[in-house]
Amino acid sequence: MNAMISTVRRRPRRWRFEARNRPEVLFPLALYLLFTLIPFYWMLVFAFRPTGSNAILPTDLTLDHFRTVWTGLGFGIFFRNSLLVGVATLLVVSVFALSGGYALARYNFGGRKVFLLALLCTQFIPGAMMLIPLFEIFRQLHLVNNLWALVIAETTFQLPLSLILMSGFIRNIPIDLEEAAWVDGCSRFRGFLAIVLPLLRPALVAVGSFAFIGSWNNFLFALMFMSNQSKFTIPVGLSYTLGEFDVDFGALAAGGVVAAVPVVLVFAVVQRYLVTGLSAGAVKG
Amino acid sequence: MSTCPVMTTNTSKTKHIKGAIMLERQGRQLRRGRHPYRPLVLGTALAMASGLLLAGCGDDDSGTGSDGKETITFWDNNGGPDRTPLWQGLIADFQSANPKITVKYVGIPAASVQQKYDTAVAAGGTPDVAGATTSYLGGLVAQQALEPLDDRAKTAGLESKIVPSFVDSVRKVATDAKLYEIPTSANLDVLWYRKDLFDQAKLKAPATWNDFFTDVSKLTDAQKNQYGFTIRGGAGSIFQLLTEMYSYSGVNSFFDTSGKSTINDPKNVELIQKIAALYKKDTPAADVNNDFTKMVAQFGGGSIAIMHHNLGSSANNVKALGADKVAAVPLPVAVSGTRTIVPNPVDGLVMFKASKHKDAAWKFIEFISQKSSNSTWNKTVGQIPANTEVTSESWVQDQQPVRDALAAINESGTVSVQAPYYLPEFSAITKTDMGPLFQKVLLGTMTAQEFADTFATKMTEAQAKYTKRVGG
Numbered sequence: 001m002n003a004m005i006s007t008v009r010r011r012p013r014r015w016r017f018e019a020r021n022r023p024e025v026l027f028p029l030a031l032y033l034l035f036t037l038i039p040f041y042w043m044l045v046f047a048f049r050p051t052g053s054n055a056i057l058p059t060d061l062t063l064d065h066f067r068t069v070w071t072g073l074g075f076g077i078f079f080r081n082s083l084l085v086g087v088a089t090l091l092v093v094s095v096f097a098l099s100g101g102y103a104l105a106r107y108n109f110g111g112r113k114v115f116l117l118a119l120l121c122t123q124f125i126p127g128a129m130m131l132i133p134l135f136e137i138f139r140q141l142h143l144v145n146n147l148w149a150l151v152i153a154e155t156t157f158q159l160p161l162s163l164i165l166m167s168g169f170i171r172n173i174p175i176d177l178e179e180a181a182w183v184d185g186c187s188r189f190r191g192f193l194a195i196v197l198p199l200l201r202p203a204l205v206a207v208g209s210f211a212f213i214g215s216w217n218n219f220l221f222a223l224m225f226m227s228n229q230s231k232f233t234i235p236v237g238l239s240y241t242l243g244e245f246d247v248d249f250g251a252l253a254a255g256g257v258v259a260a261v262p263v264v265l266v267f268a269v270v271q272r273y274l275v276t277g278l279s280a281g282a283v284k285g
Numbered sequence: 001m002s003t004c005p006v007m008t009t010n011t012s013k014t015k016h017i018k019g020a021i022m023l024e025r026q027g028r029q030l031r032r033g034r035h036p037y038r039p040l041v042l043g044t045a046l047a048m049a050s051g052l053l054l055a056g057c058g059d060d061d062s063g064t065g066s067d068g069k070e071t072i073t074f075w076d077n078n079g080g081p082d083r084t085p086l087w088q089g090l091i092a093d094f095q096s097a098n099p100k101i102t103v104k105y106v107g108i109p110a111a112s113v114q115q116k117y118d119t120a121v122a123a124g125g126t127p128d129v130a131g132a133t134t135s136y137l138g139g140l141v142a143q144q145a146l147e148p149l150d151d152r153a154k155t156a157g158l159e160s161k162i163v164p165s166f167v168d169s170v171r172k173v174a175t176d177a178k179l180y181e182i183p184t185s186a187n188l189d190v191l192w193y194r195k196d197l198f199d200q201a202k203l204k205a206p207a208t209w210n211d212f213f214t215d216v217s218k219l220t221d222a223q224k225n226q227y228g229f230t231i232r233g234g235a236g237s238i239f240q241l242l243t244e245m246y247s248y249s250g251v252n253s254f255f256d257t258s259g260k261s262t263i264n265d266p267k268n269v270e271l272i273q274k275i276a277a278l279y280k281k282d283t284p285a286a287d288v289n290n291d292f293t294k295m296v297a298q299f300g301g302g303s304i305a306i307m308h309h310n311l312g313s314s315a316n317n318v319k320a321l322g323a324d325k326v327a328a329v330p331l332p333v334a335v336s337g338t339r340t341i342v343p344n345p346v347d348g349l350v351m352f353k354a355s356k357h358k359d360a361a362w363k364f365i366e367f368i369s370q371k372s373s374n375s376t377w378n379k380t381v382g383q384i385p386a387n388t389e390v391t392s393e394s395w396v397q398d399q400q401p402v403r404d405a406l407a408a409i410n411e412s413g414t415v416s417v418q419a420p421y422y423l424p425e426f427s428a429i430t431k432t433d434m435g436p437l438f439q440k441v442l443l444g445t446m447t448a449q450e451f452a453d454t455f456a457t458k459m460t461e462a463q464a465k466y467t468k469r470v471g472g
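Chains as they are written, first to last, in the working numbering: chain Y, 1 to 285; chain B, 1 to 472.
Here's what the structure looks like:
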């Protein structure tokens, strides 16, 4: 068993070692990295250099733009709101995706394929089309100006893809594992918690990350369903820097840094699970 | 290399072994004091915490308190780092003067304001008072979302204190010619220019279109990455082009007496040709995609000598280049010698029909329109005040771009060509239809004449539909 595991682990190491000495692999990757990172560099330069400066290198640094967005524009509140909505959406989407995905993967009920197709079709509906119906529903539920409206709207739009991903992933876990647990006396729920759930960690990370980032970046719902300065989220705050006639580039860049940090951190922590989760759910499904 | 057969085949036996291993792991975790469902417990705790925090973020619409205090909601149509604090200051002043009224400020990002208003009107979530410009006022009036303010303005003696041409612009937007917006400020297209570069080249600010084209050519030095002009080829290009066309041609109306568009007037076409000829010769090649942000950034970056924009970019230009290096002049006079201007949308305040606090809302509108508030507002944002009592204040004379723009508007010979904002199709024609075609003109794949003819046909059709609708 140990020999077997070490064989599996050695393969990527060897590949990495070989890739290190292959310029035809490294050069395009370096170019791509440069292409990707230059806009981030510009964002940092604009965020930290004083207004009026044209310096390409960050020589004369200032935190004025961060003060403008954090205290002047109220990014502190927007950040808290985005975080609350993001975390709540992540949790709600994960719970529904787990339960729904399990049902789709393990039960063969009538209309299952049609349901899956319908889920897929919902992905073609743009969010803007649903604005007025959703607004009307939330108004009747007294949820306009309530952050739960954002969580519900986000969950509605994120759940179909999450269900498809999760069901694909669960289908890849052999039913025999659960059967082994049932033989040992577990109930179906206990078997799911003890056997399936731990194996779903990569899928949960993938689904959760998408839910969080989708919610974190959503501008339209936050602007339309909230009509209170203290309820807006980060994307609305960012758009404040783009005025009708003028643009505060420093504040825009500083706001961009504030908005990007949580997403970058989330990706940094979960990236190894994310790749596994996406490939397992998508390729083998 | 030998491969373990257990890894390559998914036998039922292997799966049972894996299941047993997992159960054993659960047992080990329990013995170590780690609950096997720890992630689930943590998730539930996190969900409850988020739920509690989110539940605390409930609705708080405008209304009347038990103490008789009224709360009205005000939507600012251009919320941002400069204007939001200004509004908050004015609101604080209003609340001091009217202690029984509280104003709830909501800043709406300028780029999405029309969508926000339309959604609120359609779904029934409008505020009491909002900022609006004449560019989308017509749409709100057509949806019957606004309260006419004629009687209130007359009773308060407010209408006579507002620049007449601004009131006229507002009335022309509505088919019933009622006053649905109280103007607070207006804007004018100007040529921003680099004083230092003009001084170095011993040139004067362009007063005629001939001066303009000569200056642009003289101030271009592509080797040094310095260009005489920057063309707005991207978003918003058409309105700017229209102001140039009518300023150049001196044509005094968008339609002739038979309702035919004057856009393809030979002098208008001539201007389009001349502007297109500047592209890549005296302007950067990237101008074909220029929206106002890129244009203002280029000008602020120091590579452009003249930029056509409005007074709104004043703060950006001064901040980027310094007050000593930048100035503005109104667009040059027409070849006929007449000054012809296409006024920018007039900014002001509207009251929504669904408001339950109309008297309180009006008090707020009246307060913002009065001399001191109007002066504070326009002085800070660098726009033309709507209140006639403010136009004579010293700060107007001190702010060169505002002073010259106001003088151009008030010149006795100035002809004001009102853009047809009342046409529901105007926004789509100028933004969606004609924008890409102007890019074709710049790129040389469409002639100026073809462009102007297409534009004129669309406008004539829209005008005919409008005339039919209002029974003309």
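Each residue gets a CB set at the ideal place from its N, CA and C atoms; glycine is no exception.
Between residue 233/B and residue 295/B, the alpha-carbon positions lie close to 10 angstroms from each other.
Taking a C-beta cut-off of 7 angstroms against chain B, the contacting residues of the region 64-81 of chain Y are 68, 72 and 73, listed in chain order. By the criterion of a C-beta distance shorter than 6 angstroms, residue 265/B is surrounded in its chain by 249 and 251, once the five residues flanking it on both sides are discounted.
Residue pairing of residue 146/B in beta bridges, as defined by DSSP: 352/B.
Straight-line spacing of the CA atoms in residue 87/B and residue 365/B works out to 12 angstroms. Across the set 227/Y, 248/Y and 81/Y, the C-alpha of 227/Y shows the shortest separation from the C-alpha of residue 127/B. Taking a cut-off of 8 angstroms on C-beta distances, the region 204-222 of chain Y touches the region 147-165 of chain Y, as three or more cross pairs fall below it. With contacts defined as CB atoms closer than 8 angstroms, residue 221/Y and residue 239/Y fail to qualify as a contacting pair. Residue 306/B has its alpha-carbon roughly 15 angstroms from the corresponding atom of residue 323/B.
It is roughly 19 angstroms from the alpha-carbon of residue 284/B to the alpha-carbon of residue 321/B. Under the Cβ criterion of 8 angstroms, residue 105/B is counted among the residues facing chain Y. Non-local C-beta neighbours of residue 314/B in its own chain, meaning closer than 7 angstroms and more than five positions away in sequence, comprise 382 and 401, ordered along the chain. Under the Cβ criterion (8 angstroms, minimum of three pairs), the region 344-361 of chain B does not count as touching the region 432-439 of chain B.
Looking at the DSSP output, residue 272/B shares a beta bridge with no other residue.
Neighbours of residue 241/Y across chain B, judged by C-beta separation under 8 angstroms: 80 and 81. Residues of chain B with a Cβ closer than 8 angstroms to the Cβ of residue 51/Y are, in chain order, 319 and 320. Pairwise C-beta distances place the region 134-154 of chain B out of contact with the region 250-259 of chain Y, as fewer than three of them are shorter than 8 angstroms. When the five nearest sequence neighbours on each side are left out, the beta carbons in the same chain lying within less than 8 angstroms of the beta carbon of residue 216/B are those of 228, 229, 278, 282, 305 and 306, in order along the chain.
Sixteen is the threshold: when 16 or more other Cβ atoms of the shown chains lie within 10 Å of the Cβ of residue 231/Y, as they do, the residue is buried. Listed along the chain, the chain Y residues whose CB falls inside 8 angstroms of the CB of residue 378/B amount to none; the nearest CB is some 13 angstroms away. By the C-beta density criterion, residue 82/Y is buried, having at least 16 other C-beta atoms within 10 angstroms. Taking 9 angstroms as the upper bound on Cβ-Cβ separation, chain Y lies near residues 292, 293, 296, 297, 300, 301 and 302 of the region 276-307 of chain B. In the DSSP secondary-structure assignment, residue 226/B is bridged to 221/B. Of all C-beta pairs linking the region 124-142 of chain Y to the region 62-79 of chain Y, fewer than three are shorter than 8 angstroms, placing the two stretches out of contact. Below the 9 angstroms Cβ cutoff, chain B contributes 79, 84, 104, 105, 106 and 107 as neighbours of residue 229/Y, in chain order.
Closest in alpha carbon position to residue 205/B, among 89/B, 467/B, 329/B and 73/B, is 329/B. A contact is defined here as three or more CB-CB pairs under 8 angstroms, and the region 139-147 of chain Y fails this definition with respect to the region 172-183 of chain Y. Take the alpha-carbon of residue 423/B and the one of residue 242/B: they are about 16 angstroms apart.
Between residue 89/B and chain Y, the shortest Cβ-Cβ separation is not below 8 angstroms.
Between residue 149/Y and residue 212/Y, the beta carbon gap of about 18 angstroms keeps them out of contact (Cβ cut-off 8 angstroms). Taking the Cα of residue 252/Y as reference, the smallest distance to any Cα among 138/B, 352/B, 81/B and 348/B is reached at 81/B.
At a Cβ-Cβ threshold of 8 angstroms, residue 342/B and residue 192/B do not count as neighbours.
Taking CB atoms only, residue 46/Y has no neighbour in chain B less than 8 angstroms away. When the beta-carbon positions are compared, residue 100/Y and residue 154/Y stay at least 8 angstroms from each other. With a 10 Å radius around the Cβ and a threshold of 16 neighbouring Cβ atoms, residue 224/B comes out exposed. When DSSP states are grouped into helix, strand and coil, residue 183/B belongs to the strand group.
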